[in-house]
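Under full-length UniProt numbering, the letters of the sequence shown match residues 1 to 340, in that order.
Just below is one structure, and these are the notes that go with it.
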Amino acid sequence: MKLPVGLLIKCDIWAKTSPDRGQAVWALWQMGGAWLFTHLLEHYTYTMDKAFLATKAYPLLEGCTSFLLDWLIGGRGGYLETNPSTSPEHTFTAPDGKPAGVSYSSTMDMSIIREVFSDIVSAAEVLGKSEDDLIKRVHKAQPRPCPTKIARDGTIKEWAQDYVDPEPQHPTDNTLYKRGEEGPGWSTTWIAALWARLHDSEHAYCMVKHLFDLVDPDHEANFEGGLYSNLFTAHPPFQIHANFGSSENSAAMAWRGSVTRSLIRASTSRSSPSLNHVRTPPISAPRANTRRFSFTSPRPLGALGCTQSLLPLHNVVSGTRLTSHLTVNVRACCELYHGT
Numbered sequence: 001m002k003l004p005v006g007l008l009i010k011c012d013i014w015a016k017t018s019p020d021r022g023q024a025v026w027a028l029w030q031m032g033g034a035w036l037f038t039h040l041l042e043h044y045t046y047t048m049d050k051a052f053l054a055t056k057a058y059p060l061l062e063g064c065t066s067f068l069l070d071w072l073i074g075g076r077g078g079y080l081e082t083n084p085s086t087s088p089e090h091t092f093t094a095p096d097g098k099p100a101g102v103s104y105s106s107t108m109d110m111s112i113i114r115e116v117f118s119d120i121v122s123a124a125e126v127l128g129k130s131e132d133d134l135i136k137r138v139h140k141a142q143p144r145p146c147p148t149k150i151a152r153d154g155t156i157k158e159w160a161q162d163y164v165d166p167e168p169q170h171p172t173d174n175t176l177y178k179r180g181e182e183g184p185g186w187s188t189t190w191i192a193a194l195w196a197r198l199h200d201s202e203h204a205y206c207m208v209k210h211l212f213d214l215v216d217p218d219h220e221a222n223f224e225g226g227l228y229s230n231l232f233t234a235h236p237p238f239q240i241h242a243n244f245g246s247s248e249n250s251a252a253m254a255w256r257g258s259v260t261r262s263l264i265r266a267s268t269s270r271s272s273p274s275l276n277h278v279r280t281p282p283i284s285a286p287r288a289n290t291r292r293f294s295f296t297s298p299r300p301l302g303a304l305g306c307t308q309s310l311l312p313l314h315n316v317v318s319g320t321r322l323t324s325h326l327t328v329n330v331r332a333c334c335e336l337y338h339g340t
């Protein structure tokens, strides 16, 4: 048996490398390191720090890519597949009617692998390494990962086969599918980000408001999210995912022209059910080659006062990405969201 080479990360805080006991849906995920390393090129696009890319990011991407190339196997139709494969923390109904969590070529696996391959090719171009043997292997493999498939109900398949989903309202968003909008804080943050990416200000704003729902610390845990009085987001109990993600959502909404409309709606017309009828103050548009842009309101915005946003950004090959450096008066936002 040929063992894969390269770099694989275990997510156990005790640094175990052996298989963990428990259910495979949470104890087995070979893509954990690959997912983590997708953030390396993100960091470079924010900072344009070529030294970081060359000395820290690229060596890790090399190790990760080597593992992925060795982990992929030839499958049906000439595609490259992963086997075994899981879709993190989610199960499906097997043909015998029993719940299962391990299959092959989950959509999560394939999507992350494509992104890592794309990232290392982009990094190699910047560093002048496009002729390296590893990059040539990636170019050959790039067209072959198992493609994203559509299920019978029109949603994106979470697994290679069209399995029955026993829990469509599961909080994880491993693929885009209809699951509703209730869930813990970290799930709410993800949903808000997805709506912002789809340019739907109404739904994104609705999910952000849900993050500010006050949670009684003595209430029975129902995993409905919200905010504790100390500003920790509720899972429950506290999980920091939503606190970190909420600023990114604000940045995404601001860049898509939605957050200004949302703030004015909150301060001037709380009874209005739609943001689309709210007049938005003018904002200064960024020049094509600038790394920062700002917008200011020409008049006070209720309890928020005058709002200003400075969002560093860079133009990169795949589009424009930005970091979430927003300063928000949290107490004022809570008051506005709850109409006090």
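Note that the Cβ used here is the ideal one computed from N, Cα and C, for glycine as well.
Given the structure is predicted, the values throughout are model-derived calculations rather than measurements.
Put simply, the backbone Cα of aspartate 132 is about 13 Å away from that of serine 66. For alanine 252 against threonine 188, the beta-carbon gap comes to about 14 Å, at or over 8 Å, which does not count as contact. With a threshold of 16 other beta carbon atoms within 10 Å, lysine 136 falls short and is exposed. Partner residues in the beta bridge of serine 85, as assigned by DSSP, are Ser103. Beyond the five residues adjoining it in sequence on each side, glutamine 23 comes within less than 7 Å, by CB distance, of Gly101 in the same chain, given in chain order.
Going by C-alpha positions, glutamate 89 is about 20 Å away from lysine 149.
Here valine 5 is actually not in contact with threonine 91; their C-beta atoms are around 31 Å apart, not less than 8 Å.
Rounded to the nearest whole angstrom, the CA to CA distance from alanine 160 to glutamate 248 is 31 Å. If you look at leucine 211, you'll find it in the alpha helix (DSSP H) that goes 201 to 211. Between the alpha carbons of leucine 211 and tyrosine 46 lies a gap of roughly 27 Å. Take the alpha-carbon of glutamine 239 and the one of asparagine 230: they are about 13 Å apart.
Residue environment: alanine 124 is assigned as buried (16 or more neighbouring CB atoms within 10 Å of its CB, all protein chains considered). Bridge partners of phenylalanine 92 according to DSSP: Ala100. Nearest Cα to aspartate 162 within the set Tyr104, Ser122, Glu42, Thr55: Tyr104. Sixteen is the threshold: since fewer than 16 other Cβ atoms of the shown chains lie within 10 Å of the Cβ of methionine 48, the residue is exposed. In the DSSP assignment, isoleucine 135 falls within the unbroken alpha helix (DSSP H) covering 133 to 141. For aspartate 70, the enclosing alpha helix (DSSP H) has its first and last residue at 58 to 71.
Looking only at Phe52, Pro59, Ile73, Gly97, the smallest Cα-Cα distance to aspartate 165 is reached by Gly97.
The beta carbon of arginine 197 sits closer than 8 Å to the beta carbons of Ala252 from its chain, once the five residues preceding and following it are set aside; these are given in chain order.
For alanine 234, no alpha helix (DSSP H) encloses it, and the DSSP letter there is neither H nor E. Histidine 43 is a Cβ neighbour of phenylalanine 52, given a cutoff of 8 Å.
Residues of the same chain with a CB within less than 6 Å of the CB of alanine 204, apart from the 5 flanking positions on each side, are Ala192, Trp195, Ala196, Met253 in chain order. In this structure, threonine 93 sits near proline 99, with a CB-CB distance shorter than 8 Å. For lysine 209 and glycine 225, the gap between their C-alpha atoms comes out near 11 Å.
Taking all protein chains in view, the Cβ of isoleucine 73 is surrounded by fewer than 16 other Cβ atoms within 10 Å, so the residue is classified as exposed. Here aspartate 109 is near methionine 31, since their CB atoms are less than 8 Å apart.
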